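The sequence shown begins at -18 in the working numbering and counts up by one.
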Amino acid sequence: MMLAYMDRAAAAAEPEDAGEPAAAAVAAGCVAATDFGGMVSAMPAAVVRPASADDVASAIRAAARTAGLTVAARGNGHSVAGQAMAEGGLVLDMRSLALSRRSQIQLVVVSATAAGGGARYYADVPGGALWEEVLHWGVKNHGLAPASWTDYLRLTVGGTLSNGGVSGQSFRYGPQVSNVAELEVVTGDGECRVCSLSSHPDLFFAVLGGLGQFGVITRARIPLRKAPQAVRWTRVVYGSFEEYAADAEWLVTRPPEAAFDYVEGFAFVNGDDPVNGWPSVPIPGGARFDPALLPAGAGPVLYCLEVALYQYSDDRPDDDDDKGAAAAVRRMMAPLKYVRGLEFAVEVGYVDFLSRVNRVEEEARRNGSWDAPHPWLNLFVSARDIADFDRTVIKGMLADGIDGPMLIYPMLKSKWDPNTSVALPDSGEIFYLVALLRFCRGGGPAVDELVAQNGAILRACRASGYDHKAYFPSYRGEPEWARHFGDARWKRFVDRKVRYDPLAILAPGQKIFSRAP
Ligand code: FAD
């Protein structure tokens, strides 16, 4: 039964009892047994390379008929705690769906209706496509692009939609889970369904931020808008968290006509450490950070606010009196309380701007930290508690830096639909993403120590009563997950699991539910 399916789906590997697997199949199995985190490993029985949604459905139906067998969709394996693994189960290599000739990215045009409004444009994207592929396809072929991104684009569409998908655009355009018009999903019973706000809305919302629990996303319809041509990208520095946070929160609550397109920020060490300190701020590379400009009372940690304004081909040129983009940025920055003189700005192409983390990847590959373990911790923390969090965690526990970015920037709850499966802090409209993106270079603390520090941070958050949620949560067993979601959301999550994946076949690496016998 399994073998028949494997043949049809051009499986990369066969179950162990099927004979000697080919070398490539072993390699595929090994890759699927690891992830970017590099801290856990779980060997699947087989890796399946689907070429279509039908192949995905066949794999899930085969698993349903086979006692104990589970199925994990693997996007690009950029999880850090084994979330895309299936020990002894089937791993669906979703990249093969994107690379198949049968499922290419397609432009969908919905013409203007009598009710008004112009034509609307969408990309129909295979679940395993990288956001980078969507960007290049849209800009090059159509001058169009999605509005909402992640910082790093070598992540899959299905992978980020199963979590949230956030970046500096989220405050304005919403996270990626708020930028989807329709999904094609294969649920845990092996049925392929198309869902949207108007058709099977409960499944649509369940899958968005659903941690892969309710179905495999085989296609997503992403709204497109005119792609900007260039971006004015600016960084400024603060000595005080209170001033940084007040300005960042003011910027993310501006009306659209007075808002940047992107607002992010990070904490860094007040010192000359090349990775954690002043040199991590200047853009373009080579610009000089002059610490003499810092206020006398600046503490051990400083803050960098990063903003970007898009420019379109029909905008006035910059030298056109005070109406150009440079002047607009100057006006928008004027009321902010950053340290004057510590401002860094550059104009870059739109694709270059969105591809900025590729340069970080190249450097990390060169110095070996890309392939080393990544004990990352991502949190959403309510604005109510963020100053306290900064004092206790950033300035208290992490004042020497983490050998990687410490992102801390605000976004708005009203841009997230409460019907999705994503868990957010309860209180208030503004909450912060806190991303502790540790890169281990030789000679630093042992990985175990960093994992233990993450645990200590989570305990500190709980002990202090901070209104927070883990983003990319990693818990073990139902009680911990029930606490993560809170009573009402957990009940809805369980109800949805019973409805769409009653045998608990899908995404076992999240360690939420156990496969039904
Ligand atoms: P995987 O890690 O392969 O899968 C993640 C989960 O989704 C698994 O449970 C898997 O089973 C499930 N899944 C995967 N594909 C599908 C599918 N088609 N259908 C259903 N379930 C599926 N995140 C942000 O929000 N913003 C960022 O700026 C950001 N930057 C990052 C930078 C780097 C360098 C890295 C390594 C990660 C970053 N992330 C960011 C995190 C990223 O969003 C997660 O790793 C996410 O899981 C997507 O990665 P992936 O596509 O490789 O999915």
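Cβ coordinates follow ideal geometry from the N, Cα and C atoms, glycine included.
Note that the structure is predicted; figures quoted are calculated from it, not measured.
Check	Outcome
What is the C-beta distance between L125 and A208, in whole angstroms, given that I count them as a contact (C-beta under 8 Å)?	6 Å
I'd like to know if the stretch 49 to 59 and the stretch 82 to 94 are in contact, where contact means that at least 3 CB-CB pairs between them fall below 8 Å.	no
If you draw a straight line from the alpha carbon of T234 to that of S221, how long is it in whole angstroms?	20 Å
My output table needs one value for C421: the three-state DSSP class, helix, strand or coil.	coil
Measuring CB to CB, does A350 end up less than 9 Å from C421?	The sequence shown places Ser at residue 350, not Ala. For S350 and C421, yes; Cβs fall inside 9 Å.
Using DSSP bridges, identify the partner residues of Y291.	V212
Write down the C-beta distance between R216 and E287 rounded to the nearest angstrom, noting that I regard them as a contact closer than 8 Å.	5 Å
Label P489 either buried or exposed according to how many other C-beta atoms from any shown protein chain fall within 10 Å of its C-beta, with 16 as the threshold for buried.	buried
From the DSSP output, read off the bridge partner residues of F412.	S363 and M392
Could you compute how far the alpha carbon of M392 sits from the alpha carbon of R372?	20 Å
Check L484 in the structure and name its three-state DSSP category.	coil
In chain order, which continuous runs of the beta strand (DSSP E) of length 3 or greater are located wholly inside the stretch 217 to 273?	243 to 250
Return the CA-CA distance between I486 and A162, expressed in angstroms with no decimal places.	26 Å
Can you grab the Cα-Cα spacing for the pair L71 / C11, in whole Å?	13 Å
Of the residues D242, A240 and V262, which one's Cα is nearest the Cα of V250?	V262
Quick check: does the Cβ of A488 come within less than 8 Å of any heavy atom belonging to the ligand FAD?	yes
Hey, would you say V320 sits closer than 9 Å to L358, going by beta carbons?	no
May I ask whether a heavy atom of the ligand FAD can be found less than 8 Å away from the beta carbon of N400?	no
Given V89, which residues of its chain have a CB within under 8 Å of its CB, disregarding the five upstream and five downstream residues?	Y102, Y103, A104, D105 and R202
For the ligand NAD, any of its heavy atoms closer than 8 Å to the Cβ of M24?	With respect to the ligand NAD, the structure offers nothing, as its ligand set consists of the ligand FAD.
Can you have a look at A26 and say buried or exposed, based on whether 16 or more other CB atoms are within 10 angstroms of its CB?	buried
Rounded to whole angstroms, what's the CA-CA distance from G183 to V197? Just pull it up for me.	Position check: residue 183 holds Asp in this sequence, whereas Gly was assumed. Roughly 15 Å separates the two Cα atoms.
Unbroken alpha helix (DSSP H) runs of length 4 or more, entirely within the stretch 451 to 479: which are they?	459 to 466
May I ask you to verify whether the stretch 63 to 70 touches the stretch 128 to 135, counting CB pairs closer than 8 Å and requiring at least 3?	no
On the CB-based measure, 16 or more other CB atoms within 10 Å of its CB, does C176 come out buried or exposed?	buried
Going by Cα to Cα distance, which pick from W259, L388 and V218 is closest to M314?	V218
What do you reckon, is the C-beta of V115 under 8 Å from a heavy atom of the ligand FAD?	no
What does H181 pair with, by DSSP beta-bridge criteria?	In the DSSP output, where bridge partners are listed per residue, H181 has none listed.
Hey, out of A326, L360, G424 and I389, whose CA is closest to A353's CA?	G424
Touch check for the stretch 375 to 392 and the stretch 404 to 417: three-plus C-beta pairs under 8 Å?	yes
In whole angstroms, what separates the C-alpha of G171 from that of A43?	9 Å
According to DSSP, M387 sits in a beta bridge with which residue or residues?	A248 and L417
Would you mind working out which of R46, H355, E223 and V166 sits nearest A279, comparing C-alpha positions?	E223
Does the ligand FAD have even one heavy atom less than 8 Å from the beta-carbon of F453?	yes
What runs of the beta strand (DSSP E), each 3 residues or longer, lie entirely inside the stretch 17 to 44?	27 to 29
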